[in-house]
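Q: Numbering (our numbering), first residue to last: 3 to 396. Beta carbons are placed, not taken as given, at the ideal position from N, Cα and C, and that holds for glycine.
So this is what it looks like as structure tokens:
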């Protein structure tokens, strides 16, 4: 009985996605003669019938098979001195990437866990060969970084696989952070990552409405991958930059590193204010009402209190976005990062534990007072608008 109810709920969700343009309901499946929506529902049911441990075994077997194939190809290139040729590495990388793309685009293999994991490993190896070709030649730095960033961005867009898009987004954003540090602009990283996280998570539905329906499903997967990747990079960078400031190096070698805490925290606070504006807009709260001003002041106070502990504001932003969008994975990531960041900050040996205890006590009391003031005076009278449910689950 419960399985039938779950299947009926899944069918309704898929039909709603078809109405939004995420599933093409007019296309006809060549093998079954059913529409794409019906075929998607059937595939969804067939995947649910397969035990999860069987899917994991199929995925692992695909990865192992791809490793044997890549090892054989690498030995072949090594035997013919292919690693000394930029053209050979580029051709190998492009061929592997194209093979992964073809496997991903094949409708019959898209629902096969073995082939999907095989395609993921093959396409990732192709990107690795392209990276070897770009970084081992005579290209001036950072031209090689720019080229590899462009390749990663293009492959992230065209590869129809969520895991690949997530990994590609993380790589692309990581290269962006590296380039900002190379041009001595590390302070822009936190604000830019926070802005990308806010836009990809809170404005996803609005952005999808501007895209034609036939591309909307791919755009949804891309924005979702960028949302998770930017959140993860924001959490990592908020800690790593402080650690880099302590050792006066960004890459651990001889690259000089200086960091303007006030500018970086100001940009992060502005991005957090924009996120607050988008969330309040869902509840039909006017931008300059007393409720909005109070919340803006709370964000600014939190930004001021955490100037030298930017991870506190970054993790708080991730948690608020996750709660606003009902994203349990992102919420778990934000809470885990917050607890880990507090432990990491407390046991750093840069200042005494007494000073850190007092500062954390002051920040905690201030946050509790802000929370009590907001709930007591304002949130009790706020009700979500009609579009809130649609935006939360977009």
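#1: Here's the rule: buried if 16 or more other CB atoms are within 10 angstroms of the residue's CB, otherwise exposed. What is residue 419?
#2: Looking at the unbroken alpha helix (DSSP H) that takes in residue 119, where does it start and where does it end?
#3: Quick check on residue 350: does DSSP put it in helix, strand or coil?
#4: For the alpha helix (DSSP H) containing residue 178, list its first residue and its last residue.
#5: Helix, strand or coil, according to DSSP, for residue 240 in the structure here?
#6: State yes or no: is the C-beta of residue 233 within less than 7 Å of the C-beta of residue 165?
#7: Identify whether residue 83 lies in helix, strand or coil by the three-state DSSP scheme.
#8: Report, in whole angstroms, the separation of the C-beta atoms of residue 116 and residue 63, which I expect to be a contact under 8 Å.
#9: Can you give me the Cβ contacts of residue 368 inside the same chain, cut-off strictly under 7 Å, excluding the 5 residues immediately before and after it?
#10: When burial is assigned at 16 or more other CB atoms within 10 Å of the CB, is residue 330 buried or exposed?
#11: Restricting to Cα atoms, I'd like to know which of 172, 362, 356 and 328 is closest to residue 343.
#12: How many angstroms separate the CA atom of residue 221 from the CA atom of residue 357?
#13: For residue 71, which three-state DSSP category applies?
#14: If we count the other Cβ atoms within 10 Å of its Cβ and call it buried at 16 or more, is residue 73 buried or exposed?
#15: How many Å lie between residue 378 and residue 315 at the Cα?
#16: Throw me the rounded Cβ distance for the residue 98 and residue 124 pair, which I believe falls under 8 Å.
#17: Would you call residue 323 buried or exposed, if buried means 16 or more other Cβ atoms sit within 10 Å of its Cβ?
#18: Quick check on DSSP: helix, strand or coil for residue 214?
#19: So, residue 200 versus residue 273, is the Cβ gap smaller than 7 Å?
#20: Check whether the segment 223 to 241 and the segment 193 to 210 are in contact - that is, three or more C-beta pairs closer than 8 Å.
#21: Looking at residue 326: is its Cβ nearer than 7 Å to the Cβ of residue 237?
#22: Distance check for residue 88 and residue 138, CA to CA, integer angstroms please.
#23: Would DSSP call residue 362 helix, strand or coil?
#24: Might you give, ordered along the chain, the residues of its own chain that have their beta carbon closer than 8 Å to the beta carbon of residue 94, omitting 5 neighbours on each side?
#25: Please report the distance separating the alpha-carbon of residue 312 from that of residue 219.
#26: Please report the straight-line C-alpha distance between residue 267 and residue 178, rounded to a whole angstrom.
#27: Taking the alpha carbon of residue 241 as the reference point, which residue from 191, 282, 365 and 279 has its own alpha carbon closest?
A: By the coordinates alone:
#1: With the chain covering only 3 through 396, there is no way to say anything about residue 419.
#2: 115 to 137
#3: Secondary structure at residue 350: coil, using DSSP grouped into helix, strand and coil.
#4: 164 to 184
#5: helix
#6: Between residue 233 and residue 165, the CB-CB gap reaches or exceeds 7 Å.
#7: coil
#8: 6 Å
#9: 303 and 307
#10: exposed
#11: Among 172, 362, 356 and 328, the Cα nearest to that of residue 343 belongs to 362.
#12: Whole-angstrom Cα-Cα distance: 48 Å.
#13: helix
#14: exposed
#15: 23 Å
#16: 5 Å
#17: Per the 10 Å Cβ criterion, buried.
#18: coil
#19: Residue 273 is positioned such that its CB atom lies closer than 7 Å to that of residue 200.
#20: yes
#21: no
#22: 8 Å
#23: helix
#24: Excluding the 5 residues flanking it on each side, residue 94 has same chain C-beta neighbours closer than 8 Å at 75, 79, 84, 128 and 131, in chain order.
#25: Those two C-alpha atoms are separated by around 35 Å.
#26: 19 Å
#27: 191
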